[in-house]
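So the sequence shown is numbered by full-length UniProt numbering: it starts at 1 and just counts up by one.
These notes are about the structure you will find just below.
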Amino acid sequence: MCAQLLLLRITKQTLQEVSAHAAFYDPDGVITSTADLLGEQSLDPALQDSVMWDYDGDGVDNLTEYLRGTDPTDFFNGETVTIRAYKGDGQVDEPNVFLLRRLYASVHDSEGAEIVNAPVRIRSVGGPYLSRFRNASDLHSTVYDRTVATFGASTAYFTPATDGSYSAIADLPDGTSVTFSVFVVSEEDKQKEPIRNFEVTDNGDNTTTYTWTSDADSGDWLRLQEKNENGTWSTFFNTTYGSSVLPYRAGQTDYSLTLDENNQVVSQ
Numbered sequence: 001m002c003a004q005l006l007l008l009r010i011t012k013q014t015l016q017e018v019s020a021h022a023a024f025y026d027p028d029g030v031i032t033s034t035a036d037l038l039g040e041q042s043l044d045p046a047l048q049d050s051v052m053w054d055y056d057g058d059g060v061d062n063l064t065e066y067l068r069g070t071d072p073t074d075f076f077n078g079e080t081v082t083i084r085a086y087k088g089d090g091q092v093d094e095p096n097v098f099l100l101r102r103l104y105a106s107v108h109d110s111e112g113a114e115i116v117n118a119p120v121r122i123r124s125v126g127g128p129y130l131s132r133f134r135n136a137s138d139l140h141s142t143v144y145d146r147t148v149a150t151f152g153a154s155t156a157y158f159t160p161a162t163d164g165s166y167s168a169i170a171d172l173p174d175g176t177s178v179t180f181s182v183f184v185v186s187e188e189d190k191q192k193e194p195i196r197n198f199e200v201t202d203n204g205d206n207t208t209t210y211t212w213t214s215d216a217d218s219g220d221w222l223r224l225q226e227k228n229e230n231g232t233w234s235t236f237f238n239t240t241y242g243s244s245v246l247p248y249r250a251g252q253t254d255y256s257l258t259l260d261e262n263n264q265v266v267s268q
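As C-alpha cells, this is what we get:
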C-alpha cells in the first residue's frame, strides 16, 4: 500500500528529474509517453507494472530506488560485498565425467553475512564445460544463477572432455570474482603411490589434521576420500605433490595437512 501511495504522489517535475533513467524503470515507454496520467491521478493498473519494474532484482522497484538515490541497476546498492569459493574447488575426475560436487559460490556483505538471491554468473575458461544439471547433455560456456538459502550460488556441474587443469570463474556484476580449479585425469593417472602411517586428528576448532608417510614423486596426485553411508567413496580433497599447498620432499617423507570445515588448507 505504501508503495502505491508513493507512486500516486509523483509529480511531473519528479518525472522530468528522473526521466534520463526511464529506460530502466519504464522499459515499455508507457510513462514517458503518457506523463499526463501521473501527478495526482490514480494510476492505471497496467501502468503500475511498468513503474514498479525491478531491473536488478533486489525487491525494490526502480522508481523508488531513484527517489531514494540508489542505483536500480545495482543489486547491492553500493554496499561492498565479497564472493567466495564455498564448495567444489579442487575436484578431480576422469574425462567426460561430471565431477561429484557442483561449484558453489557464496556472497557476503561487509559484516560477513551471506546475501541471499545475489546475482552470480559462472563461466568456464576454455570451453563449454558447465551444465545446470548432473548428467545433462547440454554444456554451456556460461551459466547465470542466483544464490539459494545461505549456501551461496548453486551453479553448475563441470565435465571437461580431456585431461588437464581447468578453471571456472564466478563473478558479480561489479566484476568481483573468485576462481575454481578442477582437474581431469585418466584413471591410470590417478593416485597410485602407497600411503603409510595415515592418521586423522580432530583439532576441536573445526579443523582436521591429516598426517602420512609417502615416497611419491613430484607431480603425483594426492586424493583424500571419505566413505559414504551406501559404501561408495567420495573425494573431498585433491592436489599434487609439489603444489603450493603440498610442497614436494624427496624420498620417504612424512607429510601433514590441516584442513578447515570446508576442506580448505589451513597449514601444511
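Glycine is no exception: its CB is placed at the ideal position from the N, C-alpha and C atoms.
Cβ shell of residue i (< 7 Å), same chain only, five flanking positions each side left out
i       : result
Val-178 : Ile-83, Arg-84, Ala-85, Ala-105, Ala-170
Ala-20  : A caution first: Ala-20 carries a pLDDT of 49, below 50, which makes its placement in the model unreliable, though a value can still be read off. Answer for Ala-20: no residue qualifies.
Tyr-129 : Leu-139, Phe-158, Thr-159, Pro-160, Tyr-166
Val-266 : Thr-207, Thr-258, Leu-259, Asp-260
Cβ neighbours of residue i in the same chain (closer than 6 Å, five flanking residues each side left out)
i       : result
Ile-115 : Val-107, Asp-109
Ser-218 : Tyr-241, Gly-242, Tyr-248
Thr-201 : Thr-209
Buried or exposed by the 16-neighbour rule on C-beta atoms within 10 Å, applied to residue i
i       : result
Asp-58  : buried
Asp-93  : buried
Thr-253 : exposed
Residue i, enclosing beta strand (DSSP E) - first and last residue
i       : result
Asn-77  : Element bounds for Asn-77: n/a, residue is neither H nor E.
Glu-226 : 221-227
Gly-164 : 164-171
Tyr-129 : Neither: Tyr-129 is in no beta strand (DSSP E) and is coded neither H nor E.
Asp-93  : 91-93
Val-178 : 177-184
Arg-84  : 82-87
DSSP beta-bridge partners of residue i
i           : result
Asn-238     : Arg-223
Arg-101     : Answer is none; Arg-101 lacks a bridge partner.
Trp-212     : Tyr-255
residue 271 : Outside the displayed span of the chain (1 to 268) sits residue 271, for which this structure offers no information.
Asp-202     : Thr-208
Glu-114     : His-108
Ser-124     : Ala-168
Leu-246     : Ser-243
Arg-68      : None; Arg-68 has no bridge partner.
8 Å Cβ shell around residue i - same chain, five flanking residues per side excluded
i       : result
Phe-236 : Leu-224, Gln-225, Glu-226, Asn-263
Leu-246 : Leu-222, Thr-239, Thr-240, Tyr-255, Leu-257, Gln-268
### Message
Whether or not the stretch 111-126 and the stretch 65-81 are in contact is what I'm after, with contact meaning three or more pairs of Cβ atoms, one per stretch, closer than 8 Å; do they touch?
### Response
yes
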